[in-house]
Every structure is written in structure tokens, then in C-alpha cells.
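Taking numbering that gives the first Met the number 0, the leading residue of the sequence shown gets 0, the next gets one more, and so forth.
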Amino acid sequence: MKPKYLKFKEYIDQSSNILVIQADNPDGDSLGSSIALEQILGKLNKEVDLYCAVQIPDYLKYLKAWSRVKNDLPNKIDLVIIVDTSTLNLLDKTKDFDIALIKSKPTIIIDHHDSELTIDFANLVITEDRPATGEIIYQIAKELNYEVNEEAAEALAVSILSDTIGLMTESTTSETFRIMAELVDLGVNLPRLDASRRESYQKSLELTKYKGRLLERIETYLEDRLAILIIPWEEIKTYSPMYNPSMLVLDDMRLIKNNRISVALKQYQDGRITAKIRSSLNYPYASELAESFGGGGHKYASGFKTYNYKDINELKKELVNKTNQILNKDNANI
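As C-alpha cells, this is what we get:
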């Protein structure tokens, strides 16, 4: 058994009240991992609270446990577990005094990203080169003989399916398929889960028309290998309560012929610009591009946040130049 798994068990054994945190950009992997830990550790008679500084987006609400994720810290915390991120700037929306409280507690990071660790106050870091954080959590539970009930198994399946785009990314391994088979044995009904996911993706006519306008604004560069979309503050304010505007179109951007990298940029009132980056299948460059702007993530889905650009066109120029460097370097290695 891996020494870090045994150390994880030590921290769990010594704790009664456990806080599970996901970053400011919740997705299927972070939410699924959080819910799975809540269920697995709950079976050990632990009190587990789930936290995210932002609201869970509507498209993830087919996981019924989403409503148990809170925006405020609980009164009692013995141990903090941060899932699906090792980058401090992805906890930027967590209040300063909440971060101070988190830093004062024993902290574990569980993450499958290969980006540079910037959360420097963690007592234990479990990072493995796997397609999803949920896969690591399943392995920890299996090695430590922790019970994985049906709700935990379903959450882990969502985690893995989300970050592998339905088991179709290059990072998916034969072990990933074996784990999915074991989750099915534990009670996961994949057709029913997919039907719930598709139902949650249904959108109002207003959102559908807005998506059309977003698609018309996509800009492409480098012979269509890079796609960029800019979303201004007024649209964020209007449409984010219904659906994350970036997520409305990123998959469509990846389907553009010759596309390698897609970037959705959001402009906020305070001068902040956030970027969601997605790489197309077989082009695992998202994390490299994000890291060049101080962000992080994994090879196919990453992001960054910056206050350094008063003119977003300057950021676009740098994105084009950096993407060109990455793609040319990759071509040179072929």
C-alpha cells in the first residue's frame, strides 16, 4: 500500500469533522469527488461538510447531492481535504478570513493535475497521473477497505466520465475501464445516469438563442487551430445564474475543423479576466498554455485568472503567440 494512503488514513482516524473543498471552477470531477468523499467518510462516522466559494452550475445539478455544497464554512473543522486543485489562485473567491482558518487546520490535497503546486500549506499531497481525481479517491478507498456505497459510486462515475469526456480522452487507461466496471458492480446505472445528465443539459429558448450569438462571435487563429471567445461582464451577470456562458460553447469550439485549443475569456467589472481552456482530443496542450499565464489544470481542461491586461486584445495576442509556440514545438518533435 502507498505510504501516502496510510498517512491519509491516519488523518481521517484522528478527525471527526472534515471539510471537503472544491475550487472556484466546479466541474463534474470536483463535485463528484467531493460527494464521494462525503459518502465514504460518512460511513466511517465522520461529519463531512462540502464547500465551494461559488454556486454549483445548473448543468451539474443532475447529481442530487449538489445542494449539500455550501458557500460558508462550518463551525467545527478538524481536517480539510481540497480536491481537484493544487493551485491557490483557484481558491481566490474564498474569503481571506476563511483561507486563514483553512490554513490553520491540517490539510490534504487530492489532485490528478500535473500543474505546479502553489497551495504550500498542505500537510499531505496526494497527486497521481490519472485521468480524474475521482479515480484516485476510488483507489484510496479500495486500498483502505473503505465502503463505497451506491451514491459514492455514482459520484465517482460522474467524476471519471466528466474528465475523460465519456472515457474518450487520451488519458483514459485500461485501469479506468476496470474501475468503471467495478463502479457498475456497485450499483451505478450508466444509462440512467447519462439520461439524467442529458436532461440537465436542456436549456431555455433564451439560453439557446444566446448560445447562437456566442457561436457567431468565435474568433479563430493559426489556421483555425486556436479558437477564442470573449464574454463581457454584462453577459456574465445576465446569463451566469442560468448557465455558465463558457460551458455553453466550449464543446462546439473544440469541434471546429483543425481545432487544437479553445479559450473562453470572461471579463469582470474589477478588471479580472478568467480563461477556460480546452484542448481537442489527442492535443493535450491545455495545461501548458494555462501555466504560461499563471494558471493550471490538466492536459485537456485548464484555466487561469489575471488582472494584468487592461486591453483584452493584448491578452488575445499573447494567447495566439504562446499557442503558436506550443504547436510549433510539438510539430518539431514529431
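Cβ coordinates follow ideal geometry from the N, Cα and C atoms, glycine included.
Element boundaries [alpha helix (DSSP H), containing residue i]
{"i": "Asp-28", "result": "27 to 41"}
{"i": "Ser-158", "result": "149 to 162"}
{"i": "Leu-337", "result": "The first residue shown for the chain is 0 and the last is 333, placing residue 337 beyond what the model contains."}
{"i": "Val-248", "result": "244 to 253"}
Neighbourhood of residue i by C-beta, 8 Å cutoff - its chain only, sequence neighbours within 5 removed
{"i": "Ile-164", "result": "Leu-280 and Tyr-299"}
{"i": "Leu-100", "result": "Leu-72 and Ile-76"}
{"i": "Ile-272", "result": "Leu-264, Lys-265, Gln-266, Lys-304, Thr-305, Tyr-306, Tyr-308, Ile-311 and Leu-314"}
Among the options, nearest to residue i - alpha-carbon criterion
{"i": "Lys-208", "options": "Tyr-242, Thr-132 and Asn-70", "result": "Tyr-242"}
{"i": "Tyr-24", "options": "Leu-36, Lys-92, Tyr-10 and Ala-35", "result": "The sequence shown places Asn at residue 24, rather than the Tyr named in the question. When only C-alpha atoms are compared, the closest one is Lys-92."}
{"i": "Ile-270", "options": "Ser-199, Pro-231, Gly-294 and Ile-159", "result": "For the record, residue 270 in the displayed sequence is Gly; it is not Ile. It is Pro-231 whose Cα lies nearest to the Cα of Gly-270."}
{"i": "Lys-63", "options": "Leu-192, Leu-326 and Met-246", "result": "Leu-192"}
{"i": "Lys-102", "options": "Ser-239, His-112, Leu-18 and Leu-247", "result": "Leu-18"}
{"i": "Thr-322", "options": "Phe-292, Gly-296 and His-297", "result": "Phe-292"}
Contact set for residue i: own chain, Cβ-Cβ below 7 Å, skip 5 residues either direction
{"i": "Gln-21", "result": "Ser-29, Leu-30, Ser-33, Cys-51, Val-82 and Asp-83"}
{"i": "Trp-65", "result": "Leu-30, Ile-55 and Leu-59"}
{"i": "Asn-258", "result": "Asp-223, Arg-224, Ala-226, Met-252 and Ser-279"}
First through last residue of the beta strand (DSSP E) which encompasses residue i
{"i": "Leu-228", "result": "225 to 230"}
{"i": "Phe-303", "result": "300 to 305"}
{"i": "Val-187", "result": "Run containing Val-187: none; DSSP gives neither H nor E here."}
{"i": "Arg-277", "result": "272 to 278"}
{"i": "Ser-261", "result": "260 to 266"}
Separation of residue j from residue i, as counted between CA atoms
{"i": "Lys-6", "j": "Leu-116", "result": "19 Å"}
{"i": "Ala-156", "j": "Glu-9", "result": "26 Å"}
{"i": "Met-167", "j": "Tyr-137", "result": "20 Å"}
{"i": "Ile-276", "j": "Arg-129", "result": "19 Å"}
Residue i - DSSP class collapsed to helix/strand/coil
{"i": "Gln-324", "result": "helix"}
{"i": "Ala-131", "result": "coil"}
{"i": "Glu-169", "result": "coil"}
{"i": "Glu-337", "result": "Beyond the ends of the chain as shown, which are 0 and 333, falls residue 337; an answer cannot be given."}
{"i": "Gly-211", "result": "helix"}
{"i": "Leu-62", "result": "coil"}
{"i": "Asp-57", "result": "helix"}
{"i": "Tyr-308", "result": "coil"}
{"i": "Leu-288", "result": "helix"}
Chain-order list of residues whose beta-carbon lies under 6 Å from that of residue i (same chain, five-residue window excluded)
{"i": "Leu-123", "result": "Lys-6 and Ile-107"}
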